[in-house]
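Have a look at the structure below, then the notes.
In the numbering used here, the protein residues as written are 81 to 301.
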């Protein structure tokens, strides 16, 4: 399993981002979804079964686009994709809850900039309000709901960036090898990226001891 993950590491660097996109664009349902037994609860936050399956389908489809015919049921089992998606959704939501409780906030300007910069809402490189509203309508979302969820994602991202910014890479942690500048830069960037990822993972594990988390994996078995 570990060898498989290392071999396909290029995808895991963007996996967390895919989960975020799933939260925002692929959840169909009202904000106040009080369906019984959510698949996970983080404090007073809920991840519904419907929300989970939307995220799962999106991630699975992305794997198929990347690996084509190589992505089969065997690879999916090796990855434990269902469990992985659920854990990443919990991690994403817990970062939002922690950022909110810390008093971090997202300004209206930051929200507008994020929405305007989303390629799905652009035409000829510029934000198009008609496309924006039409896209939300097709996904059965109101602008208020979408903007609320986008604020949550931006808030979680702010905390993640704060954690990553605290990571310092001592020179002795960089392998002393010879090569051209681009090669050495790629190696350093990979090490830094991994160190930041580990710092975020450690922070999230600490948060899991602070917040009450309930997961019902049997609902997605």
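Ideal placement from N, C-alpha and C gives every residue a C-beta, glycine not left out. Keep in mind that this is a model prediction, so the values were computed, not measured.
By the 10 Å Cβ neighbour count, where 16 or more other Cβ atoms means buried, how is residue 204 classified, buried or exposed?
exposed
According to the neighbour-count rule (16 or more other Cβ atoms, all chains shown, within 10 Å of its Cβ), is residue 210 buried or exposed?
exposed
Do you know offhand how far residue 244's Cα is from residue 150's?
33 Å
Tell me whether the beta-carbon of residue 368 lies closer than 7 Å to the beta-carbon of residue 295.
There is simply no residue 368 to check, as the chain begins at 81 and stops at 301 in what is shown.
What three-state label does DSSP hand residue 111 in the structure shown?
Reliability of the predicted coordinates at residue 111 is poor, the pLDDT of 42 falling under 50, and the value obtained from them is presented with this limitation in mind. The answer is coil: DSSP assigns residue 111 none of H, G, I, E or B.
Tell whether a beta-carbon distance below 7 Å holds between residue 247 and residue 276.
yes
Could you check the C-alpha separation between residue 141 and residue 132 for me, to the nearest Å?
14 Å
Between the alpha carbons of residue 266 and residue 238, how many angstroms are there, rounded?
25 Å
Quick one: using the 10 Å Cβ neighbour count with 16 as the cut-off for buried, is residue 263 buried or exposed?
Exposed: under 16 other Cβ atoms inside 10 Å.
Which of helix, strand or coil does DSSP assign to residue 127?
strand
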